[in-house]
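Q:
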Amino acid sequence: MKSLINFTLVALFFAISVSSFSQSAHPSDFSQLIYARFERQVNNFPQEKVYVQTDKPYYSAGEDIWFKAYLVNETTLEPNSLSQFVYVELIDKMDSVLYRVKIKKDSLGFAGHIKLKPEISTGTYSLRAYTYWMQNVGTDFFFSKNILIGNQINDRISSKITYGTAVDGLIPATLTFVDAAQNPIAGKRVDIKQNWDSAKKKRFSMITAKNGTIKWQLTIDPKDDSQKNIQVSMDGDKYKTTIFLPEFSSDFDVQFFPESGNLLDNILQCVAFKAIGKDGLSVDITGKVFTDKNEELCEFSTLVNGMGKFSIRTQPNEGYYALVKRANGIEKRVELPRAQTTGVAIQLLYNKGKLLYKVSNDTKIPNESLYLLLHSRGKVFVMQPLRDLESQIPESLLPAGIVSLSVIDSLGNTYCERLSFVRNFNFPTVSMQSDKPVYSKRELVNLDLKVLSPQGNPVKGNFAISVTDQHTVKQDSLADNIISNLLLTSDIKGYVEEPETYLLDNNTATREKTDVLMLTQGWRRFNTADIVKASYQPSKFYLEAGQVLSGKVMNLFNRPSKKCGIIMIPSNSPNIKLVQTDSLGRYSIDGIQFPDSSSFILKAKKKKTHRKS
55 MKSLINFTLV ALFFAISVSS FSQSAHPSDF SQLIYARFER QVNNFPQEKV
105 YVQTDKPYYS AGEDIWFKAY LVNETTLEPN SLSQFVYVEL IDKMDSVLYR
155 VKIKKDSLGF AGHIKLKPEI STGTYSLRAY TYWMQNVGTD FFFSKNILIG
205 NQINDRISSK ITYGTAVDGL IPATLTFVDA AQNPIAGKRV DIKQNWDSAK
255 KKRFSMITAK NGTIKWQLTI DPKDDSQKNI QVSMDGDKYK TTIFLPEFSS
305 DFDVQFFPES GNLLDNILQC VAFKAIGKDG LSVDITGKVF TDKNEELCEF
355 STLVNGMGKF SIRTQPNEGY YALVKRANGI EKRVELPRAQ TTGVAIQLLY
405 NKGKLLYKVS NDTKIPNESL YLLLHSRGKV FVMQPLRDLE SQIPESLLPA
455 GIVSLSVIDS LGNTYCERLS FVRNFNFPTV SMQSDKPVYS KRELVNLDLK
505 VLSPQGNPVK GNFAISVTDQ HTVKQDSLAD NIISNLLLTS DIKGYVEEPE
555 TYLLDNNTAT REKTDVLMLT QGWRRFNTAD IVKASYQPSK FYLEAGQVLS
605 GKVMNLFNRP SKKCGIIMIP SNSPNIKLVQ TDSLGRYSID GIQFPDSSSF
655 ILKAKKKKTH RKS
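Taking the working numbering, the leading residue of the sequence shown gets 55, the next gets one more, and so forth.
(1) Whose CA, out of 286, 579, 89 and 210, lies closest to the CA of residue 268?
(2) Where DSSP assigns a beta bridge to residue 434, which residues make up the other side?
(3) List the whole-angstrom C-beta distance separating residue 476 from residue 510, where the pair is believed to meet the contact cut-off of C-beta under 8 Å.
(4) Extract the residue ranges of the beta strand (DSSP E) inside the stretch 79–162, only unbroken runs of 3 or more that lie entirely within it.
(5) When the Cβ atoms of the stretch 484–492 are set against those of the stretch 448–465, are three or more pairs found closer than 8 Å?
(6) Anyone know if the C-beta pair for residue 341 and residue 381 falls short of 7 Å?
(7) Kindly provide the ranges of any alpha helix (DSSP H) runs that are 4 or more residues long and lie completely inside the stretch 161–228, ordered along the chain.
(8) Following the continuous beta strand (DSSP E) through residue 554, name the residue where it begins and the one where it ends.
(9) Distance check for residue 277 and residue 585, CA to CA, integer angstroms please.
(10) With a Cβ-Cβ cutoff of 7 Å, do residue 587 and residue 466 count as a contact?
(11) Helix, strand or coil, according to DSSP, for residue 498 in the structure here?
(12) Within a Cβ cutoff of 6 Å, which residues of the same chain sit near residue 309, ignoring the five residues on either side of it in sequence?
(13) Kindly indicate the opening and closing residues of the alpha helix (DSSP H) around residue 540.
(14) Quick one, which of 639, 633, 634 and 627 has its alpha-carbon nearest residue 611's?
(15) Am I right that residue 240 and residue 218 are in contact with their C-beta atoms under 8 Å? What's the rounded C-beta distance?
(16) Check whether the stretch 316–334 and the stretch 211–225 are in contact - that is, three or more C-beta pairs closer than 8 Å.
(17) Can we say the stretch 96–115 touches the stretch 198–206, given the rule of at least three CB pairs closer than 8 Å?
(18) Where does the unbroken alpha helix (DSSP H) through residue 573 begin, and where does it stop?
(19) Rounded to the nearest angstrom, what separates residue 199 and residue 352 at their Cα positions?
(20) Just verifying my parser: in three-state terms, what is the DSSP assignment at residue 322?
(21) Three Cβ pairs or more, each shorter than 8 Å: is that satisfied between the stretch 547–560 and the stretch 493–501?
(22) Considering residue 396, what are the terminal residues of the beta strand (DSSP E) in which it resides?
(23) What span of residues does the alpha helix (DSSP H) with residue 586 cover, start to end?
(24) Looking at residue 106 and residue 196, is the spacing between their C-beta atoms short of 7 Å?
(25) Got a sec, what are the start and stop residues for the beta strand (DSSP E) residue 463 sits in?
(26) Taking Cβ to Cβ, would you say residue 543 is nearer than 7 Å to residue 534?
(27) For a test of the three-state rule: what should DSSP assign to residue 548, helix, strand or coil?
(28) Taking residue 464 and residue 99 to be in contact with their CB atoms under 8 Å, please state how far apart those CB atoms are, rounded to whole angstroms.
(29) My output table needs one value for residue 451: the three-state DSSP class, helix, strand or coil.
(30) Going by other Cβ atoms of all chains shown within 10 Å of its Cβ, with 16 needed for buried, is residue 137 buried or exposed?
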């Protein structure tokens, strides 16, 4: 008998009527309307965040990756999301999912492990986590972290590749093999397979020299941006590895971002920039800005991770460009966005605990007909008529994390948007005390942990602890952690390098680095313009709050067996379920929750009937 496992559909689609207001609408009525539309977004289409804590940053083949997942509501950051299951995957560099486990929530949250196979290759893998419901906002907002995995079998033989200088599209490559004692491995056949089309030899074999090397030339097409790799094996399958080629191109891309999106004429404005290489990682640059008449206006240079900013005052009917140079001397010309004669822009500064904003209105719309909207993670904190073009907002009134300031009108048009990062942190303090200063081998260790609020009161929460050797397990102090993830990286599309850089302290230099990140990295979890117009994206994936086991029973004549009793005995629970098939032989067992790799015993039994003579 085959059974089908279906999940309970919890999310309901809501019919939303969109009402429009005219310019004559009362300001308080329009403000209440915007509050209601954002509330509808967060209540009817709630979003989730998941963070995964692992016991180590790297592992060996055959080990278990132990982890705990924290699932929170995106708006409140509280663990009250409706999803009861989290999916955790391990993905290789070819974007293939090697492992996938489904974790069911229990009294302690979401905890589980991935058992690594002994034959898994050495390399860097991606650990990804999400709920079924989170697929509605796309993979950009899934949790992801890099995991380094080693293999002791592979480690008996190690290889290292080096590249020479490219000549006429040919790049010399040298692959060196050594054993565990670092002695060259000579006289061994090495099989090479190259995965890109422009390679002269897709497959070939060579014998290692006395110094353990093989040498050949790589044929690289600079116009081919596909991920290139070399599959290497020695002595059959005794040693196998995959080498991913770097980007040999020194080309880079630079984008310029006027503050709040609009570059207006005759206004001193901030313009941010971001430079990335062909590999998608940041590159440091310097540059100068010129008018289209080749008059130099200003100089700029990278502040952090390929990003920086400068100020410029544009003039009507004048264009601007930048000459940008990398450290290796490569220079290119990049056009700046054209300045607009009409529009609205927001300028934002931080000073002594306050966000100072200034709005420039170069439109025919009166200031009193425009509104200032400020929301954080979909919750509105400020929605008021723009009577004052310059004012301030105390940072203490806002939650920690990313906030969005926009200027809108009563027709639901959004004119500009500016992001800022609020550091109104209120973190608890954690202390640990052991019962002894020194322990013998495998002796029981008792730890006393205290978690206190800033006011000194005990904090109730959900915690996880991993114990590792600090001399052998090194932590990356600038890598993503639960604070930087929930407050920063999980709300930003794209890869953020060294995220803890932006949360190290509250100094002016750190704030400036965070600000250029806000100016250059788009925040798209909540689209302000769409919500203001009550344009909501329909949910294609449901909230997985429960599960259903369903199937169909057929008799010996391959006909539906109606009114047949079904007994279900789960392997992970003593609860036995009894149901009966319908007239088409179908059955459905709900009210159950089971983790990944669960097994069931299903028995179909029909009562005997006696025909009267």
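For each residue, glycine too, the CB sits at the ideal point set by N, CA and C.
A: Here's the rundown:
(1) With distances taken between Cα atoms, residue 268 lies closest to 286.
(2) 429
(3) That pair is no contact at about 24 Å.
(4) 102–108, 112–114, 118–127, 139–145 and 151–158
(5) Of all C-beta pairs linking the stretch 484–492 to the stretch 448–465, fewer than three are shorter than 8 Å, placing the two stretches out of contact.
(6) no
(7) 206–209
(8) Counting along the chain, residue 554 falls outside any beta strand (DSSP E), and DSSP gives it neither H nor E.
(9) Looking at the two C-alpha atoms, the distance is approximately 40 Å.
(10) yes
(11) coil
(12) 328
(13) 536–541
(14) 639
(15) Actually they are not in contact, since the Cβ atoms of residue 240 and residue 218 sit about 22 Å apart, beyond 8 Å.
(16) no
(17) yes
(18) 562–574
(19) 39 Å
(20) Correct three-state label for residue 322: strand.
(21) Segment contact: the stretch 547–560 against the stretch 493–501, fewer than three CB-CB distances shorter than 8 Å; contact not assigned.
(22) From DSSP, residue 396 is part of no beta strand (DSSP E); its letter is neither H nor E.
(23) 582–586
(24) Not in contact: residue 196 and residue 106 (Cβ atoms no closer than 7 Å).
(25) Taken as a continuous stretch (DSSP letters only), the beta strand (DSSP E) holding residue 463 covers 455–463.
(26) yes
(27) coil
(28) In fact, because the Cβ distance is near 24 Å, the residues do not count as touching under 8 Å.
(29) helix
(30) buried
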